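Okay, so here's the structure we're looking at.
Number of protein chains: 2
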Amino acid sequence: MEIQQQFEQFLSQRGMKHTNERREIFRAILDMDAPFDVDKLLFYLKQQGEKTSKATIYRTLQLLLESGLLRTISLSPAAARDTLYSLCGKYRAYDHLVCTGCGKVRDIEKQQICLSCQTITKELGYKLESHSLRIFALCPECQAKGIKTC
Amino acid sequence: MEIQQQFEQFLSQRGMKHTNERREIFRAILDMDAPFDVDKLLFYLKQQGEKTSKATIYRTLQLLLESGLLRTISLSPAAARDTLYSLCGKYRAYDHLVCTGCGKVRDIEKQQICLSCQTITKELGYKLESHSLRIFALCPECQAKGIKTC
DNA sequence: ACTTATAATGAGAACGAGTCTCAATTGCAG
DNA sequence: CTGCAATTGAGACTCGTTCTCATTATAAGT
């Protein structure tokens, strides 16, 4: 099924209305080419001539999180600010590689991580739900530029 | 070396003063028995009769982060709020197991994760700095209570 | 199509975690 | 002991996010 239709279906299941705003916000999210933050989304929508309000953006993001189509990435261990969102249908991976030089985020998908999580939880008697791995590393470009991190 | 002395040494190295407030805040952090948030720390200090201001708490936490004695944990994928802090000398692990039932956090330390991170970054030409793994799972107690997560 | 009930929206007020300001206080070198 | 620079406390401020409520839009029933 198309991802747009999954969203429509989710709205129907909840008895929620299929509004223009929700469609436009979701379309904009599909256009994002990397994990994005609210500011980026707001700016993009304004650029497209949409005058969707901040409140509706936040409300729709919340909906998408609940639908499981979208997920958040907590980035730096220092800043709890500036949450990034990532579309699950587009970016399968729940794990991220963060460049400590330029801040660029890319997705990674490694079966071995999942296996480790399974082992760890089983050993401790926990029931695994999900996991999230963030690796902080310097990307090749930043290394070439001679950027060092404090 | 005692961890208290490491902090004192760090202050000296920076030419900073050894104040009562800094000592008391650090003592309170040592008393915390799990990763804690600012509210918990504030409450504990008040309980102890300290009237340290919010601003000083935040300033000292920042100092401790810079010293490398303390680190932050970004917890839930949903809430970017309520940053947790964890003492490095006390809790060695940088990886955490979060119960999706009661929210309890425990530290885990698995060499296999480190190895995976090394492999992944090497493959992509990145230079590994650090990583942070969060596993979300239901703890044995919550399973026994029949708690299910949405 | 036309109503009607009700969900959703927009604008801006409110909230709250964290930061900043600046006058008062404290640590410490001399 | 003194003087001065670093530190502190109290509260103002910031800014991302949420809430409020009057207005608007959707969809079910006629």
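These protein sequence lines are chains A and B, in that order. Residue numbering for the first sequence follows the working numbering, beginning at 2 and increasing consecutively. Residue numbering for the second sequence follows the working numbering, beginning at 2 and increasing consecutively. No residue lacks a Cβ here, since even glycine has one placed at the ideal position from N, Cα and C. Given the structure is predicted, the values throughout are model-derived calculations rather than measurements.
Name the DSSP bridge partner or partners of residue i?
i	result
A:L139	B:K128
B:Y86	B:F37, B:T73
B:C100	B:A138
A:D108	A:H97
B:S133	A:R135
So residue i and residue j are supposed to be a Cβ contact under 8 Å. How far apart are they, rounded?
i	j	result
A:T73	A:L66	7 Å
B:K128	A:A138	6 Å
A:L116	B:L134	Going by Cβ atoms, the distance from A:L116 to B:L134 rounds to 13 Å, so no, they are not a contact pair.
List, in order along the chain, the chain A residues whose C-beta lies closer than 7 Å to that of residue i?
i	result
B:K111	S117, I121
Can you check which of these residues, the options, is closest to residue i by C-alpha distance?
i	options	result
B:G69	B:E9, B:Q144, B:F44, B:K41	B:E9
B:L43	B:S133, B:P36, B:L129, B:I26	B:I26
A:F37	A:V99, A:I114, A:Y86, A:Q112	A:Y86
A:A56	A:R23, A:Q6, A:T120, A:R107	A:R23
B:A35	B:V99, B:K111, B:Q119	B:V99
A:Q5	A:S13, A:N21, A:G126, A:R28	A:R28
A:T157	A:V106, A:H97, A:K18, A:C143	Within the shown structure, residues of chain A are numbered from 2 to 151, placing residue 157 of chain A beyond reach of any answer.
B:D108	A:S13, A:L71, A:T122	A:T122
B:H132	A:C143, A:D96, A:E130	A:D96
A:I136	B:F11, B:E130, B:K47	B:E130
Please list, in chain order, the chain B residues whose beta carbon lies closer than 9 Å to that of residue i.
i	result
A:L125	L98, R107, I109, A138, C140, P141
What residues from chain B crowd round residue i, counting only those whose CB sits closer than 7 Å?
i	result
A:Q144	K128
Mind listing the chain B neighbours of residue i? Cutoff is C-beta to C-beta under 8 Å, in chain order.
i	result
A:I30	Simply none; closest approach about 17 Å.
A:I114	I114, S117, L134
Using a Cβ-Cβ cut-off of less than 9 Å, list which residues of the segment 128 to 142 of chain B approach chain A; keep chain order.
K128, L129, E130, S131, H132, S133, L134, R135, I136, F137, A138, L139, C140, P141
Closer than 8 Å, Cβ to any Cβ of chain A: which residues of the segment 51 to 73 of chain B, in chain order?
L66, R72, T73
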